[in-house]
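In the working numbering, each residue's number is its place in the sequence shown (first place is 1) plus 3. Glycine included, C-beta positions come from ideal geometry on N, C-alpha and C. The structure appears below as structure tokens.
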Amino acid sequence: MLDYKPIYWFSGLYLQPQHLQTQQLHDEYWRARYQLLTQPWAWGVINISFHQAALHDEELRIYEGQFILPNGVYADCNVNAIVAPRSLRDCWQVREKSVLVYIGLRQISHNQNNVTCVAKASEITEQTTRWVSWPTEQPIRDLYGNGTEVQLQQMSYNLRFFLHDEIAQLTGYTLLPIGRLRQGSKGIEWDSDYFPPSMTLKAVPWLWQRIDNLCLELTGRLHQFEEFKRPPMVESGELNQRKDILLLAMRTLSRYVIRLQHYKEAQDIHPWKIVGLLKELIAELTCFTDLCSFNGVCQWDNTVAPSYDHHDIAASLKLCERKIMRLLDNLMIKQDSVISFAKQSEGYFSANWRLAPQENYVAIYLVMRSEQFVQQEYEVPDDRLIKMAAKSQIDTIITRSLAGVRLHYQIIPPQGLPQKLNSRYFKVEEHSPAWEEIKNSGNIILHWPEAPEDLQIDLILARSY
């Protein structure tokens, strides 16, 4: 039994192949052990390029691949390893169910041969030994001196494809998942929703795309926060506690966005570091709301921030993304329901109320935009000048000088909405017969006789969470 201890070399030793074999395995074993101690989860796919066209012929094939197997062995299909293609016709019977694909390397056997010599590449599919070798020898010159050239026969790791259903009956192999197959509308395809255990962000294309999309989403959110640091707002002297919170949240988000971009540029970053970074961001964002604890437990989700799962990286990223976006939504008004008014005639604007009765929101704001507000040519209007009501009521309200839906001017923009010089915000009074008529009729008319020519009007529905 080989226990990977150093060989006792001494003068006069009668050298046998076992001495060199044992030394080679000893060095390989301890290199692998060191690799696995360099960082947590120091094994997985480094890079893989799938042969997409081969799937149309129901065949598993890769162009190239670099892997660190769970036992620490480094295998590169362009250098020291080979993966023979495999047909899927007879081994994947239930096509309605997706299936994991593994590569496997035979473990060292102490009772059987570990190397098979093959004459041609097509014979590799039938071999199960750890290594394969070709009878063709390579001429190697003396690298340190002027000795004669010798012929050497080299070996390659014999990696093989396996499906998940075969794993239970498989013994003596070190296995690494590399992807998941599914039956798509155009045939067999790799499932982009599954990320195999990976050593880098570029291990598979869809892992890189996921990180890139997350970075773009957070960058977009950061640009929304940047509206709150504009000079008109800072110099107004009206910053309250809510604005302080938003500026602090912007500082937190900007720090993590830059770190994420820095990692993304490197590419050779372990996904474990990315998930750790996102968990830190979750913990800091919880400081800005009383709805969540530091560990990510929130009123809308009582689960803690997800732990890193090397076997299901996609799930870890998805849970982190969901918590981050909900925390950011809780800070910013989510403008997923913006109802825009269209100008009908001089002083008249109309819109359709399209929110379903079961949909919830915490507040409704009316925002008016005009460059005339920047030049202060218009005083802040109020609901004595502006009449808003259902189409069936607006004429009566105007004729009799009645109040329509009450509009309360907001000196400071609502939390989550940027302060701009050309914008004015009003909170809509919802608890009134006039507003109920709007919801029942499905239409809104706003009348302002002295409205600026470039006036734009929106209703913003702040969602509840």
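Residue range of the alpha helix (DSSP H) that includes residue i
{"i": "M328", "result": "I316 to L334"}
{"i": "Q24", "result": "P20 to L39"}
{"i": "W438", "result": "P436 to S444"}
{"i": "Q110", "result": "Where Q110 is concerned, there is no enclosing alpha helix (DSSP H), given that its DSSP letter is neither H nor E."}
{"i": "V3", "result": "Here the chain covers residues 4 to 468 and nothing more, so residue 3 does not appear."}
{"i": "A56", "result": "Q55 to H59"}
Length of the line joining the Cα atoms of residue i and residue j
{"i": "I127", "j": "N81", "result": "16 Å"}
{"i": "L162", "j": "V104", "result": "13 Å"}
{"i": "F429", "j": "D312", "result": "47 Å"}
{"i": "H450", "j": "S257", "result": "42 Å"}
{"i": "Y7", "j": "S112", "result": "14 Å"}
{"i": "V102", "j": "F165", "result": "10 Å"}
{"i": "V237", "j": "N333", "result": "Unreliable placement is indicated for V237, whose pLDDT of 41 sits below 50; the coordinate value is still reported in the next sentence. Near 23 Å, if we compare the C-alpha coordinates of N333 and V237."}
{"i": "V431", "j": "E453", "result": "21 Å"}
{"i": "L23", "j": "D79", "result": "23 Å"}
{"i": "C218", "j": "H265", "result": "10 Å"}
{"i": "D457", "j": "C290", "result": "41 Å"}
{"i": "Q361", "j": "I191", "result": "Legend: pLDDT at Q361 = 49, less than 50; position of this residue unreliable, value from coordinates given subsequently. Going by the C-alpha atoms only, they are around 41 Å apart."}
{"i": "L242", "j": "Q413", "result": "Note on L242: pLDDT 42, under 50, position unreliable in the model; the coordinate value appears next. If you take the alpha carbons of L242 and Q413, they lie about 13 Å apart."}
{"i": "P235", "j": "F228", "result": "The predicted model places P235 with a pLDDT of 46, which falls under 50 and marks its position as unreliable; any figure quoted below should be read in that light. So the alpha carbons of these two residues sit roughly 15 Å apart."}
{"i": "K326", "j": "I415", "result": "28 Å"}
{"i": "D461", "j": "L221", "result": "25 Å"}
{"i": "K346", "j": "K189", "result": "48 Å"}
{"i": "D247", "j": "M253", "result": "10 Å"}
{"i": "W209", "j": "P417", "result": "38 Å"}
{"i": "E140", "j": "L155", "result": "5 Å"}
{"i": "A366", "j": "M328", "result": "20 Å"}
{"i": "L263", "j": "I277", "result": "7 Å"}
{"i": "G240", "j": "W44", "result": "Confidence is the limiting factor: at G240 the pLDDT is only 40, short of 50, which leaves the residue's position unreliable, though a coordinate-based value still follows. Going from the Cα of G240 to the Cα of W44 covers about 51 Å."}
{"i": "F70", "j": "Q27", "result": "20 Å"}
{"i": "Y11", "j": "V153", "result": "27 Å"}
{"i": "G15", "j": "T25", "result": "18 Å"}
Closest residue to residue i among the options (Cα-Cα distance)
{"i": "F344", "options": "P384, A392 and L320", "result": "A392"}
{"i": "Q41", "options": "Y197, D6 and G75", "result": "The residue you asked about is not Gln; residue 41 is Thr in the sequence shown. When each option's Cα is compared against that of T41, the closest is G75."}
{"i": "C94", "options": "V135, H167 and I49", "result": "H167"}
{"i": "L120", "options": "L108, Q157 and Q141", "result": "For the record, residue 120 in the displayed sequence is Cys; it is not Leu. For the residues L108, Q157 and Q141, the minimum Cα distance to C120 belongs to Q157."}
{"i": "Y37", "options": "T399, Y77, Y11 and Q19", "result": "Y77"}
{"i": "Y176", "options": "Q19, Q186 and T131", "result": "T131"}
{"i": "Y259", "options": "T151, E349 and E287", "result": "E287"}
{"i": "H59", "options": "S90, C301, E31 and C295", "result": "S90"}
{"i": "L178", "options": "S188, W193 and P200", "result": "P200"}
{"i": "G350", "options": "S14, Q459 and Y17", "result": "Q459"}
{"i": "D304", "options": "H314, L322 and I316", "result": "L322"}
{"i": "D385", "options": "V377, V408 and R403", "result": "V408"}
{"i": "E99", "options": "K390, R185 and V307", "result": "R185"}
{"i": "L464", "options": "T25, I342 and N50", "result": "I342"}
C-beta atoms of residue i and residue j nearer than 8 Å
{"i": "L410", "j": "L369", "result": "yes"}
{"i": "L204", "j": "Q270", "result": "yes"}
{"i": "L108", "j": "L63", "result": "no"}
{"i": "G445", "j": "N355", "result": "yes"}
{"i": "D215", "j": "K282", "result": "no"}
{"i": "S159", "j": "W134", "result": "yes"}
{"i": "V477", "j": "I65", "result": "Outside the shown range of the chain (4 to 468) lies residue 477, about which nothing can therefore be said."}
{"i": "R513", "j": "S426", "result": "What is shown of the chain runs 4 to 468, which leaves residue 513 out entirely."}
{"i": "R34", "j": "E61", "result": "no"}
{"i": "L424", "j": "V377", "result": "yes"}
{"i": "N83", "j": "G68", "result": "no"}
Run of the beta strand (DSSP E) containing residue i, from where it starts to where it stops
{"i": "Q69", "result": "I65 to I71"}
{"i": "V383", "result": "Counting along the chain, V383 falls outside any beta strand (DSSP E), and DSSP gives it neither H nor E."}
{"i": "H411", "result": "L410 to Q413"}
{"i": "V118", "result": "V118 to C120"}
{"i": "G190", "result": "G190 to W193"}
{"i": "F352", "result": "Y351 to N355"}
{"i": "V86", "result": "A84 to V86"}
{"i": "S136", "result": "W134 to S136"}
Three-way DSSP call (helix, strand, coil) for residue i in this model
{"i": "N74", "result": "coil"}
{"i": "K430", "result": "strand"}
{"i": "P208", "result": "helix"}
{"i": "N243", "result": "Since pLDDT at N243 reaches only 48, below the 50 mark, its modelled position is unreliable, and no value is offered."}
{"i": "Q375", "result": "helix"}
{"i": "K346", "result": "strand"}
{"i": "M236", "result": "Residue placement at M236 is flagged as unreliable, the pLDDT there being 42, under the threshold of 50; a coordinate-derived value is accordingly withheld."}
{"i": "Q361", "result": "Residue confidence is low: Q361 scores 49 on pLDDT, short of 50, so the model does not pin down where it sits. Its coordinate-derived value is still stated next. Correct three-state label for Q361: coil."}
{"i": "D79", "result": "strand"}
{"i": "K390", "result": "strand"}
{"i": "L405", "result": "coil"}
{"i": "Q172", "result": "helix"}
{"i": "T203", "result": "coil"}
{"i": "S14", "result": "coil"}
{"i": "Q264", "result": "helix"}
heavy atom of the ligand HEM below 7 Å from residue i C-beta
{"i": "R92", "result": "With respect to the ligand HEM, the structure offers nothing, as it holds no ligand at all."}
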